[in-house]
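This report refers to the structure that appears directly beneath it.
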Amino acid sequence: MFNLILFGPPGSGKGTQSEKIMEKFGLMHLSTGNLLRQEIADKTPLGMEAKNIMERGHLVPDEVVIGMIDSCIEKHADAKGFLFDGFPRTIAQALALDNLLTVKKAAICKVLALDVDEDELVKRLMKRGETSGRSDDTNEDVIRKRFSVYKAETEPVAEHYNDQGKLEKIKGIGSVDEIFSSLTTCIETEMAAQQSVSAK
Ligand code: AP5
27 MFNLILFGPP GSGKGTQSEK IMEKFGLMHL STGNLLRQEI ADKTPLGMEA KNIMERGHLV
87 PDEVVIGMID SCIEKHADAK GFLFDGFPRT IAQALALDNL LTVKKAAICK VLALDVDEDE
147 LVKRLMKRGE TSGRSDDTNE DVIRKRFSVY KAETEPVAEH YNDQGKLEKI KGIGSVDEIF
207 SSLTTCIETE MAAQQSVSAK
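Final position of the sequence shown in my numbering is 226; the numbers increase by one with none missing.
Okay, structure coming up:
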């Protein structure tokens with residue numbers, strides 16, 4: 027299994043690049059943000075609870091998102107690999123993911139972290155907020171809150187994977203295609219490395 031985490035702050039391009047990676051490499055895309063927005067659209071009890079939290083720019087409780095990821099991994103047990111987008115976002119989520127994959131005799135192969143400065147992120151999210159209908163994009167205070175939560179809770183996740191030698195930073199400014207090309211190079215290099223290990 028080839029499992030990848032696309033990492034980065036809100037607005038860094040995780041969703042945009044995930045679509046392209048999924049298409050090119052055939053990985054199963056798991057975005058906790060998309061899963062939660064689907065719960066909200068379906069007006070489920072989980073969705074109703076998450077809506078209020080997301081509108082304030084806070085994180086949904088770990089046990090909720092870990093449960094969602096667990097059942098998605100089970101549901102797609104035959105996938106050739108997963109592309110995690112927006113997950114894990116806390117150390118507790120990262121440890122839970124590592125355990126879930128260990129049970130499947132798998133692991134995270136690479137964490138690709140998109141590097142974009144905060145002014146650019148605010149610009150992108152405010153622009154998307156004009157048309158997306160995402161309530162967490164229309165208010166600059168909520169956007170800034172998402173960044174502060176990211177710094178406090180999510181950045182340590184990068185350290186966790188850096189300690190495992192799996193983190194690679196990618197310049198996240200430029201055209202979508204330029205960034206995709208950098209990501210593709212890293213993914214292909216890592217896939218080749220994995221193949222040569224398994225061939226031995
Ligand atoms: P989530 O849906 O994960 O949102 P996010 O991390 O805030 O990220 P975004 O979707 O806003 O940005 P992105 O990096 O995917 O960038 P995108 O490609 O969309 O989470 C939303 C909320 O759900 C969280 O705040 C939390 O409450 C909850 N949640 C989700 N997961 C959770 C978890 N694991 N634990 C707890 N709570 C969780 O691009 C952004 C914009 O920029 C787009 O308009 C795009 O067109 C544009 N763009 C993309 N690339 C470029 C480029 N190269 N140049 C210019 N513009 C670009």
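We put the CB at the ideal spot given by N, CA and C, even for glycine.
As the structure is a prediction and not an experimental result, all values here were calculated from the model.
For this session: Using only the heavy atoms of the ligand AP5, determine whether one of them is closer than 7 Å to the beta carbon of residue 55.
Result: For residue 55, the Cβ stays outside the 7 Å cut-off from all heavy atoms of the ligand AP5.
Exercise. Of all the options 27, 30 and 40, which has the alpha carbon lying nearest to the alpha carbon of residue 141?
Worked result: Of the residues 27, 30 and 40, the one whose Cα lies closest to the Cα of residue 141 is 40.
Exercise. Does at least one heavy atom of the ligand AP5 sit under 7 Å from the Cβ of residue 114?
Worked result: yes
For this session: Return helix, strand or coil for residue 163, following the three-state DSSP convention.
Result: helix
Exercise. Is any heavy atom of the ligand AP5 found at a distance shorter than 7 Å from the C-beta of residue 183?
Worked result: no
Problem set entry | Residue of 114, 167 and 138 minimising C-alpha distance to residue 127 | 114
Exercise. Is residue 86 helix, strand or coil by DSSP?
Worked result: In this structure, residue 86 counts as coil in the three-state DSSP scheme.
For this session: State the start and end residues of the unbroken beta strand (DSSP E) segment that holds residue 33.
Result: 29-33
Exercise. For residue 80, is the beta carbon positioned less than 7 Å from some heavy atom of the ligand AP5?
Worked result: Flag set: Cβ of residue 80 near the ligand AP5.
For this session: Quick one: which unbroken alpha helix (DSSP H) runs of 4-plus residues sit fully inside the segment 98-124? Chain order, please.
Result: Within the segment 98-124, no complete alpha helix (DSSP H) run reaches 4 residues.
Problem set entry | Runs of beta strand (DSSP E) lying entirely within the segment 184-215, each at least 3 residues, in chain order | 193-197
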